[in-house]
Amino acid sequence: MTIKTAQNLRRISQIVFFLIFFWLILKTNFDVNLGMSESGEITLPYPVSIALELDPLVALGILLADGTIFKGLLWSLVVLIPTIFMGRIFCGWVCPLGSLNHWISEIPSERLGRKGKGKIDSNRYKKYQRIKYYLFFFFIAAALLGSLQLGLLDPLSLMARSIGTAVLPAIHTVADGLLLWIKSWGISPLGNLAQLIYDLASPILLTFRPAHFHAILTIGLFFIAILVMNRVFTRFWCRGICPLGAMLGIFSRYAIFGLEKDDKGCDGCNLCLLHCQGADGPDINSKWRQSECVVCLNCQAICPNNSLKFKFFPRLGKTEKSPAATQKVDITRRKVAVSVAAGLAMVPLYRTGDAYKVNSNPGLIRPPGAIPEKDFLSRCIRCGQCMRVCPNNALHPTFMESGAEGIWTPIMIPRIGYCEPTCTLCGQVCPTGAITELTVKEKVGDDKTRPVRVGTAFIDRGRCLPWGMTTPCIVCEEWCPTTPKAIYLEDEVTINGRDEVVPVKRPYVDPDRCTGCGACEYACPIINQPAIYVTSIGESRSVENQIILQRKGIDPGKQKG
Amino acid sequence: MERREFLIKAGQATALVVATVATGFYFHNREIAGSDKIIFKTTGFEIPPDSTLPVIALARNEDHIAALHDSLEAVGWIGRFIKPGERVTIKPNIAWDRSPEQAADTNPYLVGEMVRLCIAAGAAEVIVTDNPCNDARRTFIRSGIKEQAEKAGARVILPQTEDFIMTDLKGELLTVWPVLKYFVETDRFINMPIVKQHSLSSCTIGMKNLYGILGGRRNQLHQKIDQSIVDLAAFIRPTLTVVDATHVLMRGGPQGGSPGDVKTVHTVICSTDQVAADARGCELLGLKPEHVGHIVLAQKSGLGQLDYRRAGYKEIV
Ligand code: SF4
Ligand code: SF4
Ligand code: SF4
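Protein chains in written order, with the numbering used here: chain H, 784 to 1344; chain E, 6 to 322.
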């Protein structure tokens, strides 16, 4: 195989893996067709979170934080083992964010720093490339104390979150806007054509109902910033920030595959540097760094003198012109110790703050089946799969609702969407078990087992129409899905401001039956600040966050042991 | 500056001024494009009365399809309502994510059979749709209605935002509302409700089922529920009302959920008078029609006969 073929294979591999990843996110969507004869269970036809389960950083993080490797995460060995032998091929050949960075970096630029000598300089190994190792050790240390922060920067979680909650919903908004605009011209063939294109594209790209996400702006801007940085430094993210890249770099320590330089033929043209993706020193004057190289093969392919060669058991020693290559990561013990210390210090800081326990936000309603908060924060990687899949747009990334520690973890905002009693999709797609997989039976409960509760509804009597405004309503009771209903009514005869007698029915909540699904809050006509609203108190997953002394039946969590 | 250059510069500046002013005038005080147009239309889909036939017929049969056939036969069979080439929209109650035995949505097999009958009568197209409360994908599928109606040859439509058109209902309370277009842009309208208890309106049968033609914030309608229902019933007058009372939701309506709240009655009612249909239907819930606010109001507004026996009633049991 010639080097050009190998390089093309790499290009194809990048495209294929990117498309698979994108397709999996598209399919993290409720487009299931169940027949009426089937049982109540709705399951997605594809294992849509499989890409996230291949992530060794996530597996390691959860192992440290929780003492377990959650089921699918063992698959991450598929990524880790080849890295041990071959170096960071995952970064150069597979990682969807890496590929995206690669492509955006490759768009030609007019700026001096991005071509010729300027670009050659920017592609030399730089100190900033150490940051990713510090971040990696910071995250590992935090995980040791049970706070899984690495989802913030883990590339696969980041991609899934950004595409699922920002990019695709934004595409939906743009598509709808364009369609309306073109139709408003009033030229019917054009309008029909636009509609046709829309109808063809929408089953693939758009969700059935356009999603609106809380905190989408922070996610979107963060993603844009990462992409834009590629225009300053090639693959800035991969070189400087990515904690997964750092982990794979560390695991490349004993790789048997690498770059061998033959300095006899080299005339110092620096073409290799001009095209280098990893800034790992492929040129003759630098030492080649295994931990930075993403094995894109650009240097070997461009070298006019055949002086560079990727091979098994390469000769890495010093030669006449070039210094010896290194497989070690360029960080000092002292710096590692500082990063670890920072990570260890951060967790008590987070948890001493009021958000974690003593002053938890009433709006911190976690998805049904979420594990207790402490465990949740040691599992959730903020991939946003649960938010993307929720057919009702009930789940949203937090901004500060769970403190700085929980940024972008999921909460339910019933005002925007309530939780459907017979739906169990979020637990199905969660790759880490932060949301347990429930059956409909477990979720809804029966005479003996209590349903899974995410919170409890409260009535704001000042805003409620029958309570505060002598006006009939009871929409909340109509929407309440439990049997018997958790909202019950009391007949009352009231006199309104015009001295007319108005019989109304006033709603009450039975805390024993309420599951906190939020259907009432969603449906209440007082739309800007509903007269009935759910807060997290009463949630099944917490022992402390409870209202009433004893409820009937057994909690599903307790029952499982 | 050279003369030539001066002329060019001056020309360019003038052109820019002209373009700016022209743009300003062109857009001055313009009507904003794309603003929703409002349709004024009353929608009577009724057929002329026939004094030789009963207005309302009830049939009881453990074979539910037979019950449908019997009651339909009594009011003149399908050919009286659907002429060849007509477009028909059927509106079952598909409001909630519930399975058929929970009796929150219309019996899917009755809907399927109705579609078949319409097609056999020569209907050009049969549309089955509703604007549900829960997610449409779930309700249409779990109720079994999508499957049965499609099997029978209907076009089943899950409503999308752009399917609603602003319509002036000309009601006492309801004026301009978004209406699902398939209910007004059609030739014949068949209402296929199910009988359920409802805490505010006592029952939801035929006229209350018409809530499903609306989009927008229909949760406000509860504030004057009787008048809202009557306004809707005055706006859209069905060709035929087919009441599914095979299973009746006695408690926990309109959403139900527990089979314990369901009573099996094996009954189907066909009626050309929606008030009469509701009056007979509510009795199955143990109610008296003269105590049900919207039925009384509908009668007062001249929409139909509360006293269904006087209207012409036949029972096949
Ligand atoms: S809870 Fe949601 S965001 Fe967190 S790991 Fe699970 S699916 Fe991803
Ligand atoms: S929050 Fe409720 S409705 Fe949304 S995916 Fe989870 S179970 Fe389904
Ligand atoms: S829906 Fe809202 S306003 Fe209406 S009764 Fe319930 S809480 Fe009150």
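For each residue, glycine too, the CB sits at the ideal point set by N, CA and C.
Any non-hydrogen atom of ligand 1 closer than 7 Å to residue i Cβ
i, result
"residue 926 of chain H", "no"
"residue 1212 of chain H", "yes"
"residue 1082 of chain H", "no"
"residue 913 of chain H", "no"
"residue 1166 of chain H", "yes"
"residue 946 of chain H", "no"
"residue 1372 of chain H", "Beyond the ends of chain H as shown, which are 784 and 1344, falls residue 1372 of chain H; an answer cannot be given."
"residue 1217 of chain H", "yes"
"residue 1193 of chain H", "yes"
"residue 1173 of chain H", "no"
"residue 1021 of chain H", "no"
"residue 1169 of chain H", "yes"
"residue 1163 of chain H", "yes"
Contact test: residue i Cβ vs ligand 2 heavy atom, cutoff 7 Å
i, result
"residue 1180 of chain H", "no"
"residue 1284 of chain H", "no"
"residue 1263 of chain H", "no"
"residue 1208 of chain H", "yes"
"residue 1177 of chain H", "yes"
"residue 1184 of chain H", "no"
"residue 1275 of chain H", "no"
"residue 138 of chain E", "no"
Spatially closest choice to residue i from the options, by CA coordinates
i, options, result
"residue 1151 of chain H", "H:1132, H:1091, H:1191 and H:1223", "H:1223"
"residue 257 of chain E", "E:173, E:321 and E:205", "E:205"
"residue 814 of chain H", "H:804, H:802 and H:827", "H:827"
"residue 279 of chain E", "E:243, E:294 and E:80", "E:243"
"residue 1296 of chain H", "H:1323, H:1285 and H:1308", "H:1323"
"residue 1345 of chain H", "H:1313, H:872 and H:1285", "Nothing can be reported for residue 1345 of chain H, as the shown portion of chain H is limited to 784 through 1344."
"residue 109 of chain E", "E:117, E:99 and E:162", "E:99"
"residue 227 of chain E", "H:1326, H:1261 and H:1328", "H:1261"
"residue 144 of chain E", "H:1235, H:1068 and H:1175", "H:1175"
"residue 223 of chain E", "E:31, E:138 and E:262", "E:138"
"residue 983 of chain H", "H:958, H:904 and H:1000", "H:958"
"residue 321 of chain E", "E:287, E:74, E:16 and E:33", "E:74"
"residue 870 of chain H", "H:891, H:933 and H:1075", "H:1075"
"residue 787 of chain H", "H:1124, H:1228, H:1092 and H:1220", "H:1092"
"residue 1378 of chain H", "H:810, H:785 and H:789", "Because residue 1378 of chain H is not part of the residues shown, which for chain H are 784 to 1344, the question remains open."
"residue 343 of chain E", "E:102, E:268 and E:12", "Outside the displayed span of chain E (6 to 322) sits residue 343 of chain E, for which this structure offers no information."
Per-residue contacts from residue i into chain H (C-beta, under 8 Å)
i, result
"residue 61 of chain E", "Those do not exist, as residue 61 of chain E stays about 28 Å from chain H at its closest Cβ, beyond 8 Å."
"residue 204 of chain E", "1257, 1260, 1261, 1272 and 1288"
Where residue i meets chain E, residues with beta-carbon distance less than 9 Å
i, result
"residue 1203 of chain H", "102, 139, 140 and 143"
Contact set between residue i and chain E, taken where Cβ atoms lie within less than 8 Å
i, result
"residue 1279 of chain H", "The premise fails here: residue 1279 of chain H is roughly 12 Å from chain E at the closest Cβ pair, so nothing lies under 8 Å."
"residue 1308 of chain H", "222, 224, 225, 227 and 228"
"residue 759 of chain H", "Outside the displayed span of chain H (784 to 1344) sits residue 759 of chain H, for which this structure offers no information."
"residue 1248 of chain H", "228"
Under 7 Å by beta carbon: chain H residues contacting residue i
i, result
"residue 298 of chain E", "Per Cβ cutoff of 7 Å: no residues; residue 298 of chain E is ~10 Å from chain H at best."
Contacts of residue i in chain E (Cβ-Cβ under 7 Å)
i, result
"residue 1268 of chain H", "257"
"residue 991 of chain H", "142"
Looking at chain E, which residues of the segment 1251-1263 of chain H have a Cβ within less than 8 Å of any of its Cβ atoms?
1254, 1255, 1256, 1257, 1258, 1260, 1261, 1262 and 1263
Would you list, in chain order, the members of the segment 260-291 of chain E that have their beta-carbon closer than 9 Å to a beta-carbon of chain H?
260, 261, 262, 263, 265 and 266
Which ranges would you report for the beta strand (DSSP E) in the segment 1006-1060 of chain H if only whole runs of at least 3 residues count?
1040-1044
In chain order, each alpha helix (DSSP H) run of at least 4 residues that lies wholly inside the segment 937-961 of chain H:
938-945
Under 8 Å (Cβ pairs) to chain H, residues found in the segment 209-233 of chain E:
Within the segment 209-233 of chain E, the residues whose Cβ lies closer than 8 Å to some Cβ of chain H are 222, 224, 225, 227, 228, 229 and 230, listed in chain order.
Identify each residue in the segment 69-90 of chain E for which the Cβ-Cβ distance to at least one residue of chain H is less than 8 Å, and report them in chain order.
none
Against chain E, which members of the segment 793-815 of chain H pass a CB distance test of less than 7 Å?
813
Give the list of continuous alpha helix (DSSP H) stretches no shorter than 4 residues that lie fully inside the segment 1121-1191 of chain H.
1156-1160 and 1168-1172
With 9 Å as the limit, tell me which residues of the segment 904-931 of chain H have their beta carbon closer than that to any beta carbon of chain E; keep them in chain order.
none
In chain order, what are the residue ranges of uninterrupted alpha helix (DSSP H) at least 4 long that sit wholly in the segment 864-944 of chain H?
879-889, 899-905 and 914-927
With a floor of 3 residues, list each beta strand (DSSP E) that falls wholly inside the segment 114-169 of chain E, ordered by position along the chain.
List check, beta strand (DSSP E) in window: 130-134 and 160-162.
Mind listing, in chain order, the continuous alpha helix (DSSP H) runs of no fewer than 4 residues lying wholly within the segment 1056-1092 of chain H?
Correct list: 1081-1085.
Taking Cβ-Cβ distances below 9 Å as the criterion, which residues of the segment 1159-1177 of chain H are in contact with chain E?
1174 and 1175
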